[in-house]
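Colleague:
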Amino acid sequence: MTIRLTRRRFMSNAAALGALAGSNLAMPHIARSQASEITVSCYGGAYEKFFREELIPTFTEKTGATVNLALGTAKDFVPLMRAAGTDNPPLDVLMTNEVICQILRSEGFFEPIPEDKVPNMKDVAAIARFPDDMAVTGILQPIGITYRTDLLPNPPQSWAELFTREDLKGKTGIYAITNSCGFMFVLLMARHFGGSEANIDAAFAEIEKLKPFNQVDFSGTMEGLLAQGEVVVAPLDFAAVMRLQNSGMPVSAVVPPEGLIAFDQVFNVSKGGTKKELAYAWVDYMLSPETQSKLVSGFFSSPTNTKAEVPAELASNPLLLTGDKLNAVVRHDWEAANANRNDIVDKWNRTMS
């Protein structure tokens, strides 16, 4: 049974969120007599299915622990954690986008992740680690310039080129500011055109020049417009591009020199949680080469563990970024961006509508 996460439903139904049992994998030792259960956040749909069928069974067999999935969207987890407070967190491990994690981290909900408890941390790419190991990125889906190969034989090779090509007017797709991709795009353009992510005015001045453009709310809409040919070039995560390629759509993507933005899934351990050893074990399991390889196969995500093996059928795809290629991903100052979010959203709505 799938249970959507709201404060009321979580408090009344968390015990009903399930887990399965399965195979074997080496990981930090947890005495089975100490093992009980752990609650971790997860999205519904494909994520829930993959976690239940591919990931949880192995963890359960090795540790003897039950994994409860608290299902919801990224924005659900802020009010949920706040309602419970830092001393009684409903989640032992929070997995969600860094833009959301930063908000809760600034309010004291999380603690550092000790490398001796999570030994796979030592093999994680630098872009995926955080100062003082306050968190770690376990799933990374870089976003570059995606284009229809049959409709745009001369794709732009940089973000800056989007703003100078008259042939792209009316054929470019841009995410709305309420989508994290749209917000990240604004920050990246502020960095490029204004010299700093704080120079939002410079970004807006340039993005306004792209008008008319197709503004979308989420990736499914963007993929649909690409399929219909209404959009021929747009930011889109490489995982989606590879999935579309597998379906036969003539699309490809470019790694622009200004850098990549990315959808990330960041793991955080609750400071007030009572299952710390199990929480560390879950994070270590998610970072393990074996699990990272499963995530590559299941989601086309770029592995953050540098020792993860990439399946042979994907290794030749230039959009599957590994190792030093991940350095192209830009890390944003979400503390500053979140502090100014309301003003940025308001200006976008006034300028781009």
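The number in the working numbering is simply the position in the sequence shown, starting from 1, with 289 added. Where a beta carbon is used, it is the ideal one built from N, C-alpha and C, also for glycine.
Can you tell me which of the three DSSP states D622 falls into?
Modeller: Here D622 sits in coil by DSSP.
Colleague: Let me know the secondary structure DSSP gives I402 once reduced to three states.
Modeller: Correct three-state label for I402: coil.
Colleague: If G361 and S330 are in contact, beta carbons under 8 Å, what's the gap, nearest whole angstrom?
Modeller: That pair is a contact at about 7 Å.
Colleague: Near N377, what residues of its chain come up, given a Cβ to Cβ distance below 7 Å and the 5 sequence neighbours on each side ignored?
Modeller: Around N377: G561.
Colleague: Would you please state the rounded distance, in angstroms, between the beta carbons of A626 and L476? I believe it to be under 8 Å.
Modeller: Their Cβ separation, rounded to whole angstroms, is 6 Å, which keeps A626 and L476 in contact under 8 Å.
Colleague: State the Cα-Cα distance for the pair R480 and E547, rounded to the nearest angstrom.
Modeller: Going by the C-alpha atoms only, they are around 9 Å apart.
Colleague: Check whether the stretch 514-531 touches the stretch 582-598, counting contact only when three or more Cβ pairs, one atom from each stretch, lie closer than 8 Å.
Modeller: Cβ pair count under 8 Å is three or more, so yes.
Colleague: Can you tell me whether DSSP reads G483 as helix, strand or coil?
Modeller: Helix at G483.
Colleague: Mind checking who A542 pairs with in its DSSP beta bridge?
Modeller: Bridge partners of A542: T435.
Colleague: From N313 to A335, what does the alpha carbon distance come to, in whole angstroms?
Modeller: The predicted model places N313 with a pLDDT of 34, which falls under 50 and marks its position as unreliable; any figure quoted below should be read in that light. Each residue's alpha carbon lies about 23 Å from the other.
Colleague: Excluding five sequence neighbours on each side, which residues of the same chain lie with their C-beta closer than 8 Å to the C-beta of G483?
Modeller: Result list for G483: I489, D490, A491, A492, in chain order.
Colleague: Which residue marks the beginning of the alpha helix (DSSP H) containing L393, and which one marks its end?
Modeller: 387-395 is the span of the alpha helix (DSSP H), which, as asked, contains L393.
Colleague: Specify the secondary structure class of R454 as computed by DSSP and reduced to three states.
Modeller: In this structure, R454 counts as coil in the three-state DSSP scheme.
Colleague: Quick check: what's the CA-CA separation for N386 versus D622?
Modeller: Approximately 13 Å, taken between the alpha carbons.
Colleague: To which residues does DSSP link A503 through a beta bridge?
Modeller: First, the amino acid is wrong: residue 503 is Asn here, not Ala. For N503, which the question treats as bridged, DSSP gives the partners G462.
Colleague: So for E326, helix, strand or coil by DSSP?
Modeller: Here E326 sits in strand by DSSP.
Colleague: Over the uninterrupted alpha helix (DSSP H) stretch that includes N631, give me the two end residues.
Modeller: Run containing N631: 630-641, per the alpha helix (DSSP H) assignment.
Colleague: Buried or exposed: which applies to T467, given that a residue is buried once 16 or more other Cβ atoms fall within 10 Å of its Cβ?
Modeller: By the neighbour-count rule (16 or more Cβ atoms within 10 Å), T467 is not buried but exposed.
Colleague: Beta-carbon within less than 7 Å of A465's beta-carbon, same chain only, minus the 5 sequence neighbours each way: which residues are those?
Modeller: Once the five neighbours on either side are set aside, the close Cβ partners of A465 are G471, Q504, V505, D506.
Colleague: Is the distance from the Cβ of P545 to the Cβ of W637 below 9 Å?
Modeller: Cβ distance not < 9 Å, so P545 and W637 don't count as in contact.
Colleague: Quick one, which of T595, Y569, P524, D439 has its alpha-carbon nearest E579's?
Modeller: Of the listed residues, the one whose Cα sits closest to E579 is T595.
Colleague: Check whether the Cβ atoms of V585 and P607 sit closer than 9 Å, and answer yes or no.
Modeller: Not a contact, by the Cβ cut-off of 9 Å.
Colleague: Given a threshold of 16 other Cβ atoms within 10 Å of its Cβ, counted over all protein chains shown, does A417 qualify as buried or as exposed?
Modeller: Answer is buried; the Cβ neighbour count reaches 16.
Colleague: Going straight from the alpha carbon of T355 to that of S325, what length do you get?
Modeller: Those two C-alpha atoms are separated by around 6 Å.
Colleague: CA-CA distance, E512 and T461?
Modeller: Going by the C-alpha atoms only, they are around 12 Å apart.
Colleague: If you follow the beta strand (DSSP E) that I550 is in, where does it begin and where does it stop?
Modeller: Run containing I550: 550-559, per the beta strand (DSSP E) assignment.
Colleague: Since Y569 and V558 should fall inside the 8 Å C-beta cutoff, what is the C-beta to C-beta distance between them, to a whole number of angstroms?
Modeller: The Cβ separation is near 7 Å, so the contact holds.
Colleague: Since V540 and G433 should fall inside the 8 Å C-beta cutoff, what is the C-beta to C-beta distance between them, to a whole number of angstroms?
Modeller: No, V540 and G433 are not in contact; Cβ-Cβ is about 12 Å, not under 8 Å.
Colleague: In the DSSP assignment, find the beta strand (DSSP E) that holds V356 and state where it starts and stops.
Modeller: Here the beta strand (DSSP E) through V356 covers 355-360.
Colleague: Report the CB separation of A551 from P431 in whole angstroms; it is logged as a contact under 8 Å.
Modeller: About 5 Å separates the two Cβ atoms, so the contact holds.
Colleague: With DSSP run on the structure shown, which of helix, strand or coil describes G245?
Modeller: Examination of residue 245 is not possible in this model, given that the chain is present from 290 through 642 alone.
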